[in-house]
Each structure stands twice: as structure tokens, then as C-alpha cells.
Amino acid sequence: MPPELVLNVVIAGVLTGLVYGLMALGLSVIFGVVRVVNFAHGEMMTIAMYAAAALFAALKLDPFLAVLPVAAAFFVLGYAMQAGLINPFITRPEHSQFMLLVAVAIILVNALLIVFGPDARNVQLDYQLESYELGKLLLDKARVYAAGLAVVAAVLLFLFFRFTLTGKAIRACADNYLGAKVVGLNVKRLYALTFGLGSACVAVAGCAMVLLVDVTPGLGPYYTLLAFVIVIVGGLGSMGGALLGGVLIGVSEAAAGLFIAPSAKSMFSFGLLILVLLLRPQGLLGKRA
Amino acid sequence: MSRSHIALAALLLILLALPAFVGAYALSVAALVLYFAYTGQAWNVMMGFAGQLSLGHSLYVGVGAYAAGAIFFHYGIGPWAGLWVAILLCVLLGVAIGFLAFRFGISGVYFALLTIAFAEFTRIGFDHLDWVGGPGGMFLRVAQRDTWDIANFRGPPLMYYYAILGLSSFAFILCYVLLKSKAGYYWQAIRENEEAAQALGINTFRWKVCAVALSSAMTAVAGVFFAFYYNNLFPEQIFNISRSIEIILGPIIGGLGTLFGPILGAAVLTLLSDGITELLAALGLEIPGVKQVFYGVVLLLVVMFLPNGIWPALAKKLRMESR
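One line per chain: the protein sequences are W and F, in this order. All residue numbers for the first sequence refer to my numbering, where the first residue is 1159 and numbers rise by one. All residue numbers for the second sequence refer to my numbering, where the first residue is 38 and numbers rise by one.
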């Protein structure tokens, strides 16, 4: 097998992996702060992809422009979902929260099926067929742009958590729920804000992903599992870990598709998850609790 | 005899006599209810009794179904032998997963994800296993619909109905006995507070692995039933995560950790989803997905307003034991 081909596939895996990473970052933020298993995460990703595809079909809007309204709408929806639906559940047992989000996921994925039908949707832009040539390497333009968008969104989120007062308050809630309450933080509002931010991450990732793959309602559960695999491999609550996990999964999927069979690609992800859970349960970049 | 005992005896009599009064379609729905009551009971041993959340029970259904199915398909040996192979394989799998997870201190959501990972891993593995037909599926010779061939477990729907009724009654009695046994009390102690249980000298590791082993063995039997009842097996369907979720919906909606919850939950969900299908057909609204949205909404409402499930609330009204 020519080394350029392998390198091309690996780089494509890294670029797709960054988009996966942003999706997982949304989950990591929600899971790490609110401690709720968002089992509807992949379904939300799929909705964002449909939203971008629908905006393209109706208004010829490039997904890179659609990302702004879609992310804003997702922020509002995420905020409302946490405030109205999930906040009453934060003191309930894990399986109870889990069932709540399973119900939400069932409703979302089937609502998509009713609205859009089972057929695949996509966007068609000129630059999806073009690529950059670096010596013998070929980089798809769309993939480079999508990865760039994911990195920009991840950096913005990182800066928000690092340098703004609200971001610090959210981290305080994640570190110590009771302590955050004691110093007078409005934890429920901050939780809603966190869920909104996580949803916005998913929205951006969805707008980027729709450039790379066709979207069907059935992608939802697949992305949910993928996001969990990435978050756990990378390390819960570690933002760098989510991106690293995304890249690792992206590369391993691409490599499995090249060397074994495309249908075996997620076997690698789950194998990696099993290994990480058993050998390093805090994740690659996570801190031991 | 308490009210609960009388109610149970009446229910059993009704179920035994049911085939005399209803048609083929209703009987197939009843068999489905009993199937989910049985798998729910099996899952409940692990989660409801011992507090270990498994979201990968489709693994045991699938491996059990494929083990007995493949032995019948390739060698013509009926399920009475295949059953033991299925149970053995599933117990080995369950013990291996439990052993790994509990040795490494994995619990809660992480344990649940590990069970999903094993189920998905196996699904993809079976997709590439040509011996059982790979993604194209495996088809068992269809049953003679008029004779009861008990040795090969082939026969009319009535035979399968009584088989699954027997299985779910057996599971109910087993769980009843277990809940009052030493193991049952150990499990409940672990569920409520694992550290305290350990401090009292319970070998929590061993009892958790036992719960997984028993639950996987019971689920394997459900898989064997599934294989011979439906006669076709596809990895994509049988190992799918939505199968695992179907299994756990009944006990959670009916009442986690209770004996009657899995039965009630299975009945409510199956009848509801069937009722909705009929209703939508009558209204001419046969759009794919509408049924599942209703399903999701009902689940949402139950989880929000009856957090302990339907049975504990209903039992209180009926002045019965809420177990």
C-alpha cells in the first residue's frame, strides 16, 4: 500500500476527528458539569445536520453561515431543556435521568423521521469537490474547513471557561455542587447555561459534519455512542481530552476502513473504549478522582 | 392467602385459559408481553436487585439465540441441547464482563457504557462471522405449524405461548424465592450502599458477579426462545442497542426491583404500542415514526410523574404488597 495513501487517510481521519471532538466536547461539558448522561446527544447532532441541510435546500445558505442561527437556536433549546425538563431530575437516581433522556432521544429521532422521511439528505457545494495539494498529499477543502470551524469553536469555548466569570462559576459548580451553592451561585441557572453551551457545540459540529457525510435519522444513536466513547477515551471533564479522543477515534475509524473493512470501523472504537475503561478508567487526559 | 396471592393465582388462570378465548393475533401479542416480562425479570435481577445498570442485555439475547440457532442450523440438534450451550456461553461472557468491570472498580454510568460497548463489539463481530451468515442473517427451518414437535421446539404458536408463559412464571417464582434468600438480601444491601455492605463482611465482588451470571443465564434462555420463535436472526437487529432498551423499559416503567413491575410494565408498553398502531391505522396516519413518538411521550410522562414506576403506586391503591 503506497505510503501517501495511508498518510492521506490518516490526515482525513484527523480532520474528521476534530469535528467528532467538538461534538464530544459538548457532551463532556454537559456530563462533566451537570452530571447527567445526555443520551440524546447524537440525536441533537443529527437535528443540527438536518437544520443545516434544510437551510441549504431552502435558502442556498452555506453551512458555514448557517452555523450562527443554528447554534443560537440550539443554545436556546438546550437552555430550555435543562431548565424545564432536566433540572427537576438532578437529584434523582442515574437510571431515572437516563430514562428521561432515552425518552427525549426516542421522540427526537422519530420526529426527524416524520418530518424528513428516511432518505439521506446532504448539501452540495463547489468546494466539496476541490482539494488542496501539498506535494503528494490531497486535502479535501470541505474537510479542512470543517476541522477549522471545529477548532475555532473549541478554542472559543475554552477561552470562555478559562477567562470569564460565568465560565469560572460553571467550573465551580462542576467541582463542588454544594460549595457552589454555599457561595451563592445560582446552580440551576448555570446548569441550564451549560446545557445550552453544550448544545451549541453540537450545533456547530453538526453544521461542519453535514459537509462530510449524508444525514439520516438513524445516525442519531450512532453519534450518541460515538460521543460517549470519545469522552471516556479522552477523559471526562478534560476539554483537551475530548478533542484528542475525537482525533484518535477519527483516525482509527479511517484506518480500519482502509486496512480491514469500512463496516469494521466502529469495532475499533468500541475496542478502544473497553481497553481504556479497563486500563485507565479516568481517560487518557483525565485526572484520577 | 393475601390479596396479592389471590390476584396472582387469578392472573395465572386467566393466562392459562387465554388461548381458548382469543384469536391468533391477540395470542401473539400476549406472547410478546410475556417475552418482555421474562427478559425484564432477568434484567431486574442485575439492576433492580443488585443495582448494576446493564444497557447491553441484547448481547445475551443475541449470543443465546445464535448459539442454539447455529447448533440447530448446522447440526440439526434441537434447542434442548443448544440451550445449555447458550447458557454456558452467556454466563462465561457475563462473568468475564462482570469480573473485568468490578475488579477495575467500574460502576454506574461507566459500567452501563461498558455493557453497551461489549454488545456493539459483538454485533460487529457477528456481522463478520460467516459461519452464522454474517450480515445476511441466519434462517432456521420454519416450523410445522400443526404438530407439536417438542424435541426440536417446533410447533404452532400455541406451543410457544405456553413455553413463554412457563418461562415467565418460572422467572417470577425464582425471583420471589431469591428476594427472600440470603443472596437477595446481600444484593439489596449492595444496591442501597455498597461500602456499608462490604463493611458488614459481604463479599460484594462475588455477589455482583453472581447477579450478572444469573441475569445473563436467564437472558440466554430468552434468546433461545427468540431464535426458535422468529426463525431468523440478524446481528443488526438482535444485538441492536434499541433491543437492550426495550428490555429495560418494562421493569423501569413497571417498577424497578419489584416482582410484579416487569410484568405490568411489559403489558402496559406492549399493549400501548399495539393500541397506538391500531388507532393510527384506523385514522389513516400510517407515517413511520408516529407510533414511536407517542411511545416516547408516554415514557417521558411515566418517568416524570411516577418515578418509582406504575406498580408501587397501583399496589398502594389496591392495598397489595408493593413488590
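All C-beta atoms in this analysis are idealised placements derived from N, C-alpha and C, irrespective of residue type, glycine included. This structure is a prediction, so every number in the text was calculated from the model and none was measured.
Task: Same chain, Cβ closer than 6 Å to Ala1414/W, neighbours up to 5 away in sequence not counted - done: Numbered from 1 along the first sequence, position 256 holds the residue referred to as residue 1414/W. For Ala1414/W, the CB contacts under 6 Å within the same chain, skipping 5 residues up- and downstream, are Ala1422, Lys1423 and Phe1426 in chain order.
Open item on the list: In this structure, how does DSSP classify Val1373/W when only helix, strand and coil are distinguished?
Closed with: For the purposes of this step, residue 1373/W is taken as the residue at position 215 of the first sequence. Looking at Val1373/W - three-state DSSP - the assignment turns out to be strand.
- [ ] Identify the contact partners of Glu1288/W in chain F, using a Cβ-Cβ distance below 7 Å as the criterion.
- [x] Locating residue 1288/W in the first sequence gives position 130, counting from the first residue. The contacting residues do not exist; Glu1288/W stays about 34 Å from chain F at best.
TODO: Could you tell me whether the region 233–247 of chain F touches the region 126–146 of chain F, where touching means 3 or more Cβ pairs closer than 8 Å?
DONE: Taking a cut-off of 8 Å on C-beta distances, the region 233–247 of chain F touches the region 126–146 of chain F, as three or more cross pairs fall below it.
- [ ] Look at the Cβ atom of Phe1222/W, then the Cβ atom of Ala1206/W, and state whether they are nearer than 8 Å.
- [x] Residue mapping note: residue 1222/W aligns to position 64 of the first sequence, counting from 1. Residue mapping note: residue 1206/W aligns to position 48 of the first sequence, counting from 1. Judged by their CB atoms, Phe1222/W and Ala1206/W are not nearer to each other than the 8 Å cut-off.
Task: C-beta neighbour in chain W for Pro325/F, strict 8 Å - done: Within the second sequence, residue 325/F is the residue found at index 288, counting from 1. Closer than 8 Å to some Cβ of chain W, the Cβ of Pro325/F qualifies, so yes.
TODO: Using 10 angstroms around the beta-carbon of Thr1322/W, count the other beta-carbons present and answer buried if the total reaches 16, otherwise exposed.
DONE: The residue labelled residue 1322/W in the question sits at position 164 within the first sequence. Exposed, because fewer than 16 other Cβ atoms sit within 10 Å of the Cβ of Thr1322/W.
- [ ] Say whether chain F places a C-beta atom closer than 8 Å to the C-beta of His1199/W.
- [x] Sequence index remark: in the first sequence, residue 1199/W carries index 41 (1-based). At a cut-off of 8 Å between beta carbons, His1199/W makes no contact with chain F.
Open item on the list: I need the DSSP call for Arg191/F, collapsed to helix, strand or coil.
Closed with: One-based indexing of the second sequence puts residue 191/F at position 154. Residue state, collapsed to three classes: strand.
Open item on the list: Would Asn1196/W pass as an interface residue toward chain F - the criterion being a Cβ-Cβ separation below 8 Å?
Closed with: Here residue 1196/W corresponds to residue number 38 of the first sequence, with the count starting at 1. By this cut-off, Asn1196/W is not an interface position.
Open item on the list: Just verifying my parser: in three-state terms, what is the DSSP assignment at Asn269/F?
Closed with: Position 232 of the second sequence holds residue 269/F. In the three-state reduction of the DSSP assignment, Asn269/F falls in the strand class.
- [ ] Quick one: list the residues of chain F neighbouring Leu1435/W, beta-carbon separation under 7 Å, in chain order.
- [x] As a working note, residue 1435/W is residue 277 in the first sequence. Within chain F, the residues near Leu1435/W are Ile143, Tyr147 and Leu151.
TODO: For Asp1284/W, write down the residues that DSSP places opposite it in a beta bridge.
DONE: Locating residue 1284/W in the first sequence gives position 126, where the first residue counts as 1. Looking at the DSSP assignment, Asp1284/W forms no beta bridge with any residue, so it has no partner.
TODO: Please list the partners that Gln164/F has in chain W, where partner means a Cβ-to-Cβ separation under 7 Å.
DONE: Position 127 of the second sequence, counting from 1, holds the residue named residue 164/F. Checking the sequence, you will find Asp at residue 164/F rather than Gln. Ser1421, listed in chain order.
TODO: Kindly say whether Phe1386/W, judged by its beta-carbon, lies nearer than 8 Å to any beta-carbon of chain F.
DONE: Taking the first residue of the first sequence as position 1, residue 1386/W is located at position 228. Nearest CB-CB separation between Phe1386/W and chain F: below the 8 Å threshold.
Open item on the list: Does Asn1166/W pass the burial test, meaning 16 or more other C-beta atoms within 10 Å, or should it be called exposed?
Closed with: As a working mapping, residue 1166/W is identified with position 8 in the first sequence. The residue is buried, with at least 16 neighbouring Cβ atoms inside 10 Å.
Task: CB contact check: Pro365/F to chain W, cutoff 8 Å - done: Here chain F has residues from 38 to 360 only, and residue 365/F is not among them.
Open item on the list: For a test of the three-state rule: what should DSSP assign to Met357/F, helix, strand or coil?
Closed with: As a first step, residue 357/F is located in the second sequence; it is residue number 320 there, counting from the start. Three-state result, Met357/F: coil.
- [ ] Measure the Cβ-Cβ separation of Gly1441/W and Val1391/W and say whether it is below 8 Å.
- [x] Taking the first residue of the first sequence as position 1, residue 1441/W is located at position 283. Taking the first residue of the first sequence as position 1, residue 1391/W is located at position 233. Against a cut-off of 8 Å, the Cβ pair of Val1391/W and Gly1441/W comes out as a contact.
TODO: Would you kindly check if the distance between the Cβ of Val335/F and the Cβ of Ala254/F is under 8 Å?
DONE: Position 217 of the second sequence holds residue 254/F. Position 298 of the second sequence holds residue 335/F. With contacts defined by Cβ atoms closer than 8 Å, Ala254/F and Val335/F do not form a contacting pair.
- [ ] Using the Cα positions of Arg1438/W and Ala1385/W, report the straight-line distance between them to the nearest angstrom.
- [x] Against the first sequence, residue 1438/W aligns to sequence position 280. Against the first sequence, residue 1385/W aligns to sequence position 227. Computed Cα separation, rounded: 18 Å.
Open item on the list: Does chain W have any CB closer than 8 Å to the CB of Ile278/F?
Closed with: The count along the second sequence starts at 1 and reaches residue 278/F at position 241. So, interface residue.
Open item on the list: For a contact defined as C-beta to C-beta under 7 Å, what are the partners of Ser1254/W on chain F?
Closed with: Position 96 of the first sequence holds residue 1254/W. Correct list: Val340 and Pro344.
- [ ] Throw me the rounded Cβ distance for the Gly321/F and Asn1268/W pair, which I believe falls under 8 Å.
- [x] Counting from 1 along the second sequence, the entry for residue 321/F is found at position 284. Counting from 1 along the first sequence, the entry for residue 1268/W is found at position 110. Not quite, the Cβ-Cβ distance comes to about 19 Å (not below 8 Å), so this is no contact.
Task: Anticipated Cβ contact below 8 Å, Ile1188/W with Gly1393/W, distance rounded - done: To locate residue 1188/W, count along the first sequence from 1; it is residue 30. To locate residue 1393/W, count along the first sequence from 1; it is residue 235. Actually they are not in contact, since the Cβ atoms of Ile1188/W and Gly1393/W sit about 15 Å apart, beyond 8 Å.
Open item on the list: Given this structure, state the Cα-to-Cα distance separating Val122/F from Leu64/F, to the nearest angstrom.
Closed with: Walking along the second sequence from the start, residue 122/F turns up at place 85. Walking along the second sequence from the start, residue 64/F turns up at place 27. Whole-angstrom Cα-Cα distance: 30 Å.
- [ ] Using a Cβ-Cβ cut-off of less than 7 Å, list which residues of the region 107–118 of chain F approach chain W; keep chain order.
- [x] Answer set for the region 107–118 of chain F: empty.
Open item on the list: As an exercise, report each continuous beta strand (DSSP E) stretch of at least 3 residues that is fully enclosed by the region 1231–1316 of chain W, in chain order.
Closed with: You should have 1289–1292 and 1295–1298.
Task: Rounded straight-line distance, which links the Cα of Asn81/F to that of Ser39/F - done: Walking along the second sequence from the start, residue 39/F turns up at place 2. Walking along the second sequence from the start, residue 81/F turns up at place 44. About 24 Å.
Task: Sufficient close CB pairs (3 or more, under 8 Å) joining the region 257–266 of chain F to the region 145–162 of chain F - done: No contact exists between the region 257–266 of chain F and the region 145–162 of chain F.
Open item on the list: Considering only their Cβ atoms, is the gap separating Met83/F from Ser218/F smaller than 8 Å?
Closed with: As a working note, residue 218/F is residue 181 in the second sequence. As a working note, residue 83/F is residue 46 in the second sequence. Ser218/F is not a Cβ neighbour of Met83/F, given a cutoff of 8 Å.
Open item on the list: Which residues in chain W have a C-beta closer than 7 Å to the C-beta of Gly260/F? List them in chain order.
Closed with: Residue 260/F sits at position 223 when you count from the first residue of the second sequence. Here the premise fails: no neighbours, minimum Cβ distance about 21 Å.
Open item on the list: For chain F, check one thing: does any of its Cβ atoms lie closer than 8 Å to the Cβ of Ile1205/W?
Closed with: Residue numbering aside, residue 1205/W sits at position 47 when the first sequence is read from its first letter. Ile1205/W does not count as touching chain F.
Task: Closer than 8 Å at the beta carbon, the chain W residues around Phe158/F - done: In the second sequence, the residue the question calls residue 158/F occupies position 121. One finds Met1425, Phe1428, Gly1429 and Ile1432 in chain W with Cβ atoms closer than 8 Å to the Cβ of Phe158/F, taken in chain order.
Open item on the list: Measuring alpha carbon to alpha carbon, tell me which residue in Gly1364/W, Val1371/W and Gly1306/W is nearest Val1228/W.
Closed with: Counted from its first residue, the first sequence places residue 1228/W at position 70. If we check each option's Cα against that of Val1228/W, Gly1364/W comes out closest.
TODO: Return helix, strand or coil for Phe136/F, following the three-state DSSP convention.
DONE: In the second sequence, the residue the question calls residue 136/F occupies position 99. Reduced to three states, the DSSP call for Phe136/F is helix.
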